[in-house]
């Protein structure tokens, strides 16, 4: 399934063949060469930043408009897309008979050490919860057996013929009642441990979700600065674009909610940064940015 960004690029490329006023072949050829070079520069620049790993950059020429670059990178893009590795945040649903962990999508760099540590911790906590649930079931089984034995003794006491027999049965009943009280206490302790483990998982996954979101936000901020600096450093190579054209960057699924983040740079502003009239920070501030 195509993303919005790839669909836009496909339509842009298609439009070059169907509209009446097609650009000259030499313009298209020069643009393709410039886009290929810029693709490589952008990839190298972004990959130099810790926490960002480019999966794919697609560039296209839009006649009379400029260039558009669609960027998909771990650490920036938050959705499934072509990225099949993701963090599983347990949105936990617990039941007495079992422990059910319903996973919701959460994105994080799979090679990141923190990912593996977090996943191992969650697996251990989940296993403890299952163990506690199993212990609780076993205690409940013992309780049923003991209570059944007590009922049998109650019945036997009612039919006891001799006082001595009744006293003996009564003593056995007292032992069973003590055992029941002990099992009930053990059951309560196990349940408390299970509840603590559940709370720990909820707290851990909530914190991990927050940290991942903050990390992606920080990475996007760094990436936007890097893209602006790259235009300042290498924008002179975009010779096929006139000053009324634009350079567009689309970061695939940057919000984590299947929304792309778009930056639109004026070639005129890029030229100013190239010659030193403005710096990368001001160039970034001049860009139009929005999500869709």
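Numbering (our numbering), first residue to last: -7 to 284. Virtual Cβ for every residue (Gly too), placed ideally from N, Cα, C.
Review point. Is residue 69 helix, strand or coil when you go by DSSP?
Key: coil
Review point. How many Å lie between residue 26 and residue 59 at the Cα?
Key: 10 Å
Exercise for review: Reducing DSSP to helix, strand and coil, say where residue 54 ends up.
Suggested key: strand
Check your understanding: Can you give the Cα-Cα distance for residue 258 and residue 239, rounded to whole angstroms?
Key -> 6 Å
Point to revise | Touch test, the region 220 to 240 against the region 258 to 269, Cβ-Cβ under 8 Å, three pairs minimum | key: yes
Practice item. Report all residues from its chain with a CB closer than 6 Å to the CB of residue 226; omit the five preceding and five following residues, and keep chain order. Key: 33
Point to revise | the region 175 to 184 touching the region 37 to 44, judged by at least three CB pairs closer than 8 Å | key: no
Check your understanding: CB residue 63 to CB residue 241, shorter than 8 Å?
Key -> yes
Review point. Which class does residue 60 belong to by DSSP, given the choice of helix, strand or coil?
Key: strand
Practice item. Grab the span of the beta strand (DSSP E) containing residue 253 for me, first residue to last. Key: 253 to 258
Point to revise | Identity of the residues DSSP links to residue 45 by a beta bridge | key: 66
Check your understanding: If you compare alpha carbons, which of 245, 137 and 134 is closest to residue 208?
Key -> 245
Exercise for review: Would you decide whether residue 147 is buried or exposed? Buried here means 16 or more other CB atoms lie within 10 Å of its CB.
Suggested key: exposed
Check your understanding: If we count the other Cβ atoms within 10 Å of its Cβ and call it buried at 16 or more, is residue 19 buried or exposed?
Key -> exposed
Check your understanding: Helix, strand or coil: which one does DSSP assign to residue 236?
Key -> coil
**Study point:** Short CB-CB distance (under 8 Å) between residue 233 and chain D
**Key:** Looking for chain D here will not work: only one protein chain is present.
**Study point:** DSSP-derived helix/strand/coil call for residue 241
**Key:** strand
**Study point:** Alpha carbon of residue 315 to alpha carbon of residue 145, nearest angstrom
**Key:** With the chain covering only -7 through 284, there is no way to say anything about residue 315.
Review point. Who are the near neighbours of residue 22 in its chain, counting only those whose CB is closer than 6 Å to its CB and skipping five residues on each side?
Key: 232
Check your understanding: What residue from 67, 279 and 118 has the CA that sits closest to residue 190's CA?
Key -> 118
Check your understanding: Taking Cβ positions, are residue 131 and residue 164 nearer each other than 8 Å?
Key -> no
Practice item. Could you name the residues that DSSP lists as bridge partners for residue 283? Key: 253
Review point. Relative to the alpha-carbon of residue 139, which residue among 129, 128, 172 and 121 has its alpha-carbon at the smallest distance?
Key: 172
Practice item. Kindly indicate which three-state DSSP category residue -6 falls into: helix, strand or coil? Key: Residue confidence for residue -6 is low, a pLDDT of 44 falling below 50, so the modelled location carries little weight; the figure read from the coordinates is stated next. Coil, per DSSP.
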